[in-house]
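The structure appears below as structure tokens.
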Amino acid sequence: MIGLIIILTIILYFVLKNYDSLKRIWIQRRRAIKYLELIPGPPTIPLFGSAHLFKWDNEEFTYQLDGWARKYISLHVPRTGMMKIWLGPIPLVFLATCEALKPVLESNTLITKPPQYNTLKKWIGEGLLISKGKKWYTRRKMITPTFHFNILQAFHEVFCKHADILAEKLEEYTRNGAEVDIFGDIKCCTLDVISETAMGTEINAQKGENTEYVNAVVRISQLSWDHERFPWLWPDPIWYGTGMGFEFDRHVKMANEFTRMVIKQRREILQGNGLLEKMKNLTPEEIKKHRFSFLDLLLGMQTSQNLSDEDIREEVDTFMFEGHDTTSSAVGFALWWLGQELDCQRKIHDELDTVFGDSDRQITSDDLKSLPFLERCLKEALRLTPPVPIFGRILEHDVIIGNYTLPEGLTVVFSPMASGRDPQQWKHPDLFYPDHFLTEEVAKRDAYAFIPFSAGPRNCIGQKFALTEEKILLATVLRKFRFITCEPFPKNRFVPEIILKPSNGFRFKIEKRSPLV
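Sequential numbering of the sequence shown, starting at 7, is according to our numbering.
Now the structure itself:
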């Protein structure tokens, strides 16, 4: 009896202390139920919503989402471009067509990320990916100049260096003619690129060094996804009771300490050679000459922007997270598609041979401008298999889309994969068709049909960086090799974790080639 009284007292205390918040949540929930009633979606039960239906296996979960999308979005009459899923007690509305997602993405006020991103906060803090309001606007304005054309030019040599190391590893695989999964090799390459460009530090992942940090970064992403999609893992007692929470914290601690160590070392180096003080007055050309990393540039503006070391760490870790997994997914899927569409791969080989002949010289920026078909193939791969398959916002006021009102407080989810396959926008929505990106075809489409880097004011700040890196990696390996995909769709499916991944890796038969000149 005494125990029951204590429990009831604790519950009453919690309710009274959080009365205003609980009242607001209750009102928002009632409005959500009212306004979302007509939006199609899978069946629900109390407390769990639709989450009890979720497949635990990621590959099976992919089939499930695809089936729901076809039933409730593609085939639903009338066309709403929307689907609702209750994730436990929280409603999510997926916006899958230009008409549905454009009003939110183009807004200058609807920029707040939903709480599903909070798991990542332990690693990347409130960096540019997660921050909101004044902090986001201030940081975005501050960081934008670090992606100046001249700074990206300075990184060009870094891209080429690590692409060449990747090509050397792939050449080893051609010697016995066996099938090989190269996803891990691509990941290590993009980790090497982002660590040198973001932190000014060579972790040499492709050479098998710093494996603890590399493994930590990989596991943080995997565990974050598990926590995000299963509501029963949200309570800390369960999250930690499974052991997953403790593993997550261990990897986060390791990754954060590594970045703090690098910040300390880079500051000492820049102070030692006098560059930290000089950086305040350097021209873009001088910055290009010194090839400053993203971290170097943040250290240079630390005093003027009133940045703490933790402010810098969270921005650097944000770029470490966003800058390696997305690029490895993009490059891997591009090769995967080309390994099936051999005519397209042959056209790229012809294009590369025209530009380079039998030379093994380094790729230049002008060379990339002379590879339009390679770029179209890359963009087509990004359309069909976007590295970030879903991302979200919280509505800070009611939004009207067509005949539907999406209420304040609702979490909306965007699907670049769905909008990239909308038959009203794409001539061949389910086929690999690079001519979708001919100039005349692009002009016919809504700009919001192709959003692999998001769109609007909160689009990806590093998209030019990413596209340049991806084109260099692809051009480097395709100059030297022919790729034949061993496990095409549907044997190898798209797994929508935080970053899109293949269910069975990227398995190829890789053949050496000689340029035809």
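Each residue gets a CB set at the ideal place from its N, CA and C atoms; glycine is no exception. Just so it is clear, the structure is predicted and the values come from calculations on it, not from any experiment.
6 Å Cβ shell around residue i - same chain, five flanking residues per side excluded
i	result
Y460	With the sequence shown as reference, residue 460 is identified as Ser, and Tyr is not the correct amino acid for it. Here the set comprises C466.
N510	E493 and N498
K128	V258
Q368	C166
V186	Y179
L374	K477
L479	A169 and V337
Contact set for residue i: own chain, Cβ-Cβ below 7 Å, skip 5 residues either direction
i	result
A173	T482, V483 and K486
F252	Y246
P109	V405 and I407
W238	I244
Contact check, residue i vs residue j, beta carbons under 8 Å
i	j	result
P241	W342	no
I91	P52	no
R1	Q308	Residue 1 lies beyond the range of the chain shown here (7 to 523); nothing can be said about it.
A336	L388	yes
F420	L107	yes
A38	G94	no
I209	N216	yes
T417	P84	no
Q431	C104	yes
G345	F514	yes
T196	T333	yes
N506	P393	Checking the displayed sequence, the identity of residue 506 turns out to be Leu instead of Asn. Their beta carbons are under 8 Å apart, which means L506 touches P393 by this criterion.
I504	S230	yes
G133	D323	yes
A340	L384	yes
L135	P502	no
A222	C194	no
T50	I400	no
Candidates the options: closest to residue i by CA position
i	options	result
P429	A38, R76 and P52	R76
F300	R273, G280, F514 and D404	R273
D255	W238, L126, Y78 and G94	L126
K61	R235, H162 and C166	R235
N45	H58, A102, D63 and C383	This sequence places Ile at residue 45; Asn is not what is there. Of H58, A102, D63 and C383, the residue nearest in Cα terms is A102.
F325	N210, L401, S201 and L344	S201
T491	G426, E347 and Q159	E347
L116	P463, F512, I504 and K477	P463
L111	K518, G398, Y410 and I478	G398
A472	P502, F512 and F161	F161
P151	L303, L313 and G426	L303
N124	L176, H233 and G183	H233
T474	R145, F153, I171 and K138	F153
K40	P97, E66 and T86	P97
P413	N64, V99 and L59	V99
V164	V199, T144 and Q228	V199
Buried versus exposed call for residue i [16 or more other C-beta atoms within 10 Å across all chains shown]
i	result
P395	buried
K450	exposed
S371	exposed
H403	exposed
W142	buried
V448	exposed
E381	buried
Y69	exposed
K518	exposed
G55	buried
F155	exposed
T203	buried
Q122	buried
Same chain only: Cβ atoms within 8 Å of residue i, ignoring 5 sequence neighbours per side
i	result
V523	Reliability fails at V523, whose pLDDT of 48 lies under 50, so the model's placement of it is uncertain and no value is given.
R319	G131, N262, T265, R266 and I269
E386	W343, F438, Y439, P440, H442 and F443
Element boundaries [beta strand (DSSP E), containing residue i]
i	result
F202	It is worth fixing the name first, because residue 202 is Glu in this sequence and not Phe. Not the beta strand (DSSP E): E202 falls in the alpha helix (DSSP H), residues F189 to M205.
W245	Element bounds for W245: not the beta strand (DSSP E) but the alpha helix (DSSP H), D242 to G247.
K470	Note, K470: premise wrong, no beta strand (DSSP E); alpha helix (DSSP H) at Q469 to K486.
I406	V405 to I407
F514	R513 to K518
Where the alpha helix (DSSP H) through residue i begins and ends
i	result
L313	From DSSP, L313 is part of no alpha helix (DSSP H); its letter is neither H nor E.
P378	P378 to L390
M285	No alpha helix (DSSP H) contains M285, which DSSP labels as neither H nor E.
I171	F155 to Y179
P496	Careful: P496 lies outside any alpha helix (DSSP H) and carries neither H nor E.
L412	Looking at the DSSP string, L412 is not in any alpha helix (DSSP H); the run it does join, the beta strand (DSSP E), is Y410 to L412.
I269	M250 to G278
Q306	The sequence given here places Gly at residue 306; Gln does not occur at that position. First-last of the alpha helix (DSSP H) with G306: F300 to G306.
P422	P422 to S425
K507	Counting along the chain, K507 falls outside any alpha helix (DSSP H), though it belongs to the beta strand (DSSP E) covering L506 to P508.
I91	Taken as a continuous stretch (DSSP letters only), I91 belongs to no alpha helix (DSSP H), being part of the beta strand (DSSP E) at M88 to L93.
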